[in-house]
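Protein chains: 2
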Amino acid sequence: MSQRVILVIYDIHDDDLRLKVAAFLKRSGFARIQKSAFSAPYTPALLSEVEAGLRRLLRERDRYDVQVYVMPRSSYEERIVMSRGYTPEEGEELLI
Amino acid sequence: MSQRVILVIYDIHDDDLRLKVAAFLKRSGFARIQKSAFSAPYTPALLSEVEAGLRRLLRERDRYDVQVYVMPRSSYEERIVMSRGYTPEEGEELLI
Chain U
0 MSQRVILVIY DIHDDDLRLK VAAFLKRSGF ARIQKSAFSA PYTPALLSEV EAGLRRLLRE
60 RDRYDVQVYV MPRSSYEERI VMSRGYTPEE GEELLI
Chain Y
0 MSQRVILVIY DIHDDDLRLK VAAFLKRSGF ARIQKSAFSA PYTPALLSEV EAGLRRLLRE
60 RDRYDVQVYV MPRSSYEERI VMSRGYTPEE GEELLI
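Each protein sequence line maps, in turn, to chains U and Y. The opening position of the first sequence corresponds to residue 0 in numbering that gives the first Met the number 0, with each subsequent residue numbered one higher. The opening position of the second sequence corresponds to residue 0 in numbering that gives the first Met the number 0, with each subsequent residue numbered one higher.
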């Protein structure tokens, strides 16, 4: 099992670009953990792929902030989650 | 210097509750790194305080997901940031 986890969090103003980023992360094998947060087991290849893909999608775009973290699996698994009445996909379908 | 960093990411449906959570994190000494993401140097006391404060704010509320990570400082400092035309406070003032 991978010893590290990739976490991607983003805030993207444009609806269309935001949906494209989410779709790209899903295609790359990431799991959605919040509407604007995705995680996947770390591999060097996946990190390279996701960084390159995000840079390609964001090229010549504006008003965005995307952050990619690589953390130990323990940091990820021991995170504190407070959640109620929440599904990460909620709302997105309305925009498609 | 603290060897770890606390990262808080959230998705909160209610505007008023979302502003309260942001204000609480700022008061607790967190820095805003995205509209819905805050970070601070880890101490056991701060982690306890922030968890208790968030649980208090979220009590009897609905439609939220809040996640609190504690990661090595290296994971935080080596994160990849892609950002353009972005300020994390943008948009929030409109709601106040």
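Where is the CB? At the ideal position from N, CA and C, for every residue including glycine.
- About 6 Å separates the Cβ atoms of V4/U and S38/U, confirming a contact at the 8 Å cut-off.
- Exposure of R83/Y is indicated by the presence of fewer than 16 other C-beta atoms within 10 angstroms of its C-beta.
- Residues of chain Y whose Cβ lies closer than 8 Å to the Cβ of D15/U do not exist, since the nearest Cβ in that chain is about 16 Å away.
- Counting only residues of its own chain and dropping the five nearest sequence neighbours on each side, E48/U has a CB closer than 7 Å to the CB of S27.
- Each residue's CA atom was taken as its position, placing R58/Y and E50/Y some 12 Å apart.
- Taking 8 Å as the upper bound for CB-CB distance, M70/Y and S1/U are not in contact here, some 16 Å apart.
- Ranking R72/Y, R54/Y and E76/Y by CA distance to the CA of F23/Y puts R54/Y first.
- Taking 8 Å as the cut-off, the Cβ atoms of R17/Y and I8/Y do not count as close.
- Taking 8 Å as the cut-off, the Cβ atoms of P87/U and K25/U do not count as close.
- Taking C-beta atoms under 8 Å as the contact rule, R62/Y and D13/Y qualify, at a distance of about 7 Å.
- Under the Cβ distance rule, P40/U does not count among the residues neighbouring chain Y, no pair being separated by less than 8 Å.
- At a cut-off of 8 Å between C-beta atoms, P71/U counts as an interface residue with respect to chain Y.
- Check the Cα spacing between K19/Y and each of L56/Y, P43/Y and R31/Y: the tightest is with L56/Y.
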